[in-house]
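Numbering (our numbering), first residue to last: 385 to 684.
Since the structure comes first, as structure tokens, the remarks are kept for the end.
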């Protein structure tokens, strides 16, 4: 299904203050979209809006914790009051935890699900009526671990499995049963070079990292914006996403043995920088990337 060109869209992006969300927002604004950025990091969002405006783009910021349905509903109402429509809504906001499942506090695990899963549910359902009216696109950012698993990030993987199940069910109800003229797309990137590990709640003895190879966040942003214009069902980003999701389906026992080998590839050789991470607080990092070309952690 073909949708509006990007320069004719009002696009809302959650988790837009860093990483994939920030990269997608900047790229969308550069290409002429009216971009509404949602995140907890109000100061960072305002800085991004000012930078976009100085470059001739159109961007607005709404401070919002996606785990709160009330805050998401208010954000939708604000966008509609200002623009009258929502052409694309991107549920990208997410948090992470590094630690064994039997060692992570239940409160931390529940908070992760509140953001990663319920944040997607809140954004999807709050924006659904507006997207139906605009014949628009809902883009939910999952992960290769929506199908595969990764030790030491078990609750994150569980939340992304849940995101996939919810997204697929919503698509069936809206598109297959009700024949609504909109697209609901799941984007599944592989490990991406963002501040994701630095923002994680960390139970490990060292600073966490993502296992190599990492892809550039611009590749994920391109897939998201492509979905916003062309629709589709799902999009896997990166060769490892294709390989790991396929192996998990066809050779699950082998996939589990290979996943077990990732334990020692998820830590830097240095003490933790910020073990609490951004699980309960805004990060305000305002950075797209997490490490430099040599794998060194970028300044926080």
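In this text, a Cβ means the ideal position worked out from N, Cα and C, and glycines have one as well.
From which residue to which residue does the beta strand (DSSP E) around residue 395 run?
-> 394 to 398
Under a three-way DSSP split, which group does residue 653 fall into?
-> coil
In whole angstroms, what is the alpha-carbon distance linking residue 624 and residue 607?
-> 15 Å
Can you tell me whether DSSP reads residue 462 as helix, strand or coil?
-> helix
Which word fits residue 654, buried or exposed, when buried means at least 16 other C-beta atoms lie within 10 angstroms of its C-beta?
-> exposed
Per-residue burial, residue 391 [other beta carbons within 10 Å of its own, 16 or more giving buried] = exposed
Kindly list the residues whose CB is nearer than 8 Å to the CB of residue 647, restricted to its own chain and excluding five residues on each side of it in sequence; keep chain order.
-> 535, 536
Using three-state DSSP, classify residue 444 as helix, strand or coil.
-> strand
Give the straight-line distance between the Cα atoms of residue 631 and residue 573, rounded to the nearest whole angstrom.
-> 16 Å
Unbroken beta strand (DSSP E) run spanning residue 618, endpoints | 618 to 621
Shortest alpha-carbon distance to residue 467 belongs to which of 417, 551, 544?
-> 417
Alpha-carbon spacing of residue 514 relative to residue 547, whole angstroms = 21 Å
In chain order, what residues of the same chain have a beta carbon less than 6 Å from the beta carbon of residue 453, not counting five sequence neighbours either side?
-> 506
Tell me whether residue 511 sits in a helix, a strand or coil according to DSSP, three-state version.
-> helix
Sub-8 Å separation of residue 580 and residue 483 beta-carbons = no
Report the three-state DSSP secondary structure of residue 567 (helix, strand or coil).
-> strand
Where the beta strand (DSSP E) through residue 429 begins and ends | Careful: residue 429 lies outside any beta strand (DSSP E), inside the alpha helix (DSSP H) at 426 to 438.
Contact between the region 437 to 454 and the region 407 to 427: three or more CB pairs below 8 Å?
-> yes
Spatial neighbours of residue 403 in its chain, beta-carbon cut-off 7 Å, leaving aside the 5 residues before and after = 578, 579, 580, 601, 672
For residue 592, the three-state DSSP class (helix, strand or coil) | strand
Pick helix, strand or coil for residue 423, following the three-state DSSP scheme.
-> strand
Beta-carbon proximity list for residue 529, same chain, < 6 Å, skipping 5 on both sides = 541, 544
Where does residue 529 fall in DSSP's three states?
-> helix
Ordered along the chain, which non-local residues of its own chain (more than five positions away) have a Cβ less than 6 Å from that of residue 583?
-> 661, 662, 667
Between which two residues does the alpha helix (DSSP H) harbouring residue 500 extend?
-> 490 to 500
Near residue 649, what residues of its chain come up, given a Cβ to Cβ distance below 6 Å and the 5 sequence neighbours on each side ignored?
-> 595
For residue 448, I'd like the list of residues in its chain whose CB is within less than 6 Å of its CB, leaving aside the five on either flank, ordered along the chain.
-> 422, 455, 459
Step through the CB atoms of chain E and report whether any lies within less than 8 Å of the CB of residue 417.
-> Annotation note: the requested chain E is absent from the structure, which comprises a single protein chain.
State the Cα-Cα distance for the pair residue 615 and residue 555, rounded to the nearest angstrom.
-> 12 Å
Nearest to residue 571 by alpha carbon, out of 592, 527, 558?
-> 527
In angstroms with no decimal places, state the Cα-to-Cα distance between residue 645 and residue 509.
-> 38 Å
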